[in-house]
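This report refers to the structure that appears directly beneath it.
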Amino acid sequence: MNNLLNQYLDVTPEISAAIRDGAPVVALESTILSHGMPYPQNLDFAHRVEEEIRKHGALPATMAVINGRMKAGLTEGDLELLCKNEGGTVQKLSRRDLPIALATGVTGATTVTTTMMLANFVGVKFFATGGIGGVHREAQTSFDISADLQELAQTPVAVICAGAKMILDIGLTLEYLETMGVPVIGMGCSQFPSFYCRESGFDVDFVAEKPSDVADIAATKWNLGLKGGLLIGNPVPAEHALDFETMRGVIEQALSDAKKEGIHGKETTPYLLARIVEITGGEALATNIELALNNARVAADIAVAYANRN
Ligand code: PSU
Ligand code: MN
């Protein structure tokens, strides 16, 4: 890491050493904490997800911006601050927000986009999240396409997710990724999963049978000097999956409420996530937690397989 970056970025000694030694590290985002789950379940999840990565032989690197400094690896105090989000003062930071946040001392949570950016600054190649952002329904009039897709096109980090929620247009999201040259891999599944559900009706490009398959494809992509990342869809474990038809109805309801309330821009995704949890009476939150823990385990296994290639 160069000195210029050091001016803006703090990496814990444990993570620095692991990167230097080529040991497996898995990045984690903080928007899922501050804007994706309620307190205190988010804090409990933050601890459990880090623990799960360690149990699977990798080191967790949770990313955020605290008082205008990028952080790879958070203290307990940082996690509490982000999870409590008192007075809603923790911003949701995308690529366009990062320079402003660093120059003005903002505290904010990193999305898939900014977590990939920080991971890349630090040298972390694998990142576990819940679901990615994508092309929103009716994007042809709203122009609402998550910056996550552009980031996958340009930043060399592999993102392990449970697919994308049906709040998005999954078909158009996959079309966009194809245009941008991002491989979409199913972890033991032939359909790209839809977050709460194991299926979506849309096929992945390749079905990986084991974590080392993904590690081999990622290594090949980067050995060739190809720009950008990979997207791995890892379906929610069957015992925690929710019914596809039921969730379709819940999501229609949440989308129509968002429209009525005039929600738009960066507020859209957090609003829909919270509304879905309200409508399902917390069932969706339990599933969200389980699928994200499962992604962390698989991401750790992939990172370990990648480290063992040499
Ligand atoms: N989708 C989810 N859970 C999340 C997010 C998306 O199912 O927590 C968060 C992620 O941080 C993602 C961001 O990067 O929302 C996308 O926001 P937008 O749609 O505004 O790009
Ligand atoms: Mn958006």
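The numbering used here numbers the first residue of the sequence shown as 11 and each following residue consecutively. Just so you know, even glycine gets a beta-carbon here, dropped at the ideal spot from N, CA and C. Computed from a predicted model, the values in this text were never measured in an experiment.
{"Asked": "To the nearest whole angstrom, what separates the beta carbons of residue 209 and residue 252, a pair I think is in contact under 8 Å?", "Found": "Not a contact, Cβ separation roughly 12 Å."}
{"Asked": "Compare the Cα-Cα distances from residue 307 to each of 76, 137, 52 and report the closest residue.", "Found": "137"}
{"Asked": "If we count Cβ pairs, one from each stretch, closer than 8 Å, do we get three or more for the stretch 68-85 versus the stretch 25-41?", "Found": "yes"}
{"Asked": "I need the boundaries of the beta strand (DSSP E) containing residue 101, first residue and last residue.", "Found": "101-103"}
{"Asked": "What runs of the alpha helix (DSSP H), each 4 residues or longer, lie entirely inside the stretch 244-315?", "Found": "254-271, 278-289"}
{"Asked": "Give the range of the alpha helix (DSSP H) segment to which residue 226 is assigned.", "Found": "221-233"}
{"Asked": "Is any heavy atom in the ligand MN found nearer than 7 Å to the beta carbon of residue 156?", "Found": "yes"}
{"Asked": "Let's see if you can read the secondary structure: which residues bound the alpha helix (DSSP H) around residue 93?", "Found": "86-94"}
{"Asked": "Helix, strand or coil for residue 126? Go by DSSP, reduced to three states.", "Found": "helix"}
{"Asked": "Tell me where the alpha helix (DSSP H) around residue 109 begins and ends.", "Found": "108-114"}
{"Asked": "Express the C-alpha separation of residue 314 and residue 32 in angstroms, rounding to a whole number.", "Found": "10 Å"}
{"Asked": "Which residues does DSSP pair with residue 204 in a beta bridge?", "Found": "173, 207"}
{"Asked": "Could you tell me if the beta carbon of residue 122 falls within a distance shorter than 7 Å of some heavy atom in the ligand PSU?", "Found": "yes"}
{"Asked": "Measuring only from the beta carbon, is residue 72 closer than 7 Å to any heavy atom that is part of the ligand MN?", "Found": "no"}
{"Asked": "Hey, how far is the Cα of residue 172 from the Cα of residue 206?", "Found": "8 Å"}
{"Asked": "Could you tell me which residues DSSP pairs with residue 213 in its beta bridges?", "Found": "201"}
{"Asked": "Would you mind giving the Cβ-Cβ distance between residue 312 and residue 142, rounded to the nearest angstrom? I have them listed as a contact below 8 Å.", "Found": "That pair is no contact at about 16 Å."}
{"Asked": "Inspect the CB distances between the stretch 146-165 and the stretch 53-63 and report whether three or more fall short of 8 Å.", "Found": "no"}
{"Asked": "For residue 316, would you say it is in contact with chain B, using Cβ-to-Cβ distances shorter than 8 Å as the test?", "Found": "This model lacks chain B altogether; it includes just one protein chain."}
{"Asked": "Mind the definition here: the stretch 263-272 touches the stretch 281-298 only if three or more C-beta pairs lie below 8 Å; say whether that holds.", "Found": "yes"}
{"Asked": "Can the beta-carbon of residue 126 be found closer than 8 Å to that of residue 167?", "Found": "yes"}
{"Asked": "Would you mind reading off the limits of the beta strand (DSSP E) that contains residue 35?", "Found": "35-38"}
{"Asked": "Once you ignore the five residues that flank residue 217 on each side, which residues in its own chain have a CB closer than 8 Å to its CB?", "Found": "195, 196, 198, 199, 200"}
{"Asked": "In three-state terms, what does DSSP make of residue 65?", "Found": "helix"}
{"Asked": "Starting from residue 146, follow its DSSP beta bridges and name the residues at the other end.", "Found": "178"}
{"Asked": "I want to know whether the stretch 42-61 touches the stretch 90-101 - three or more CB-CB distances under 8 Å.", "Found": "yes"}
{"Asked": "Please check the pair residue 321 and residue 193, which I expect to be a contact at CB under 8 Å, by giving their CB distance rounded to whole angstroms.", "Found": "Given that the chain is displayed from residue 11 to residue 320, the structure contains no residue 321 and the question cannot be resolved."}
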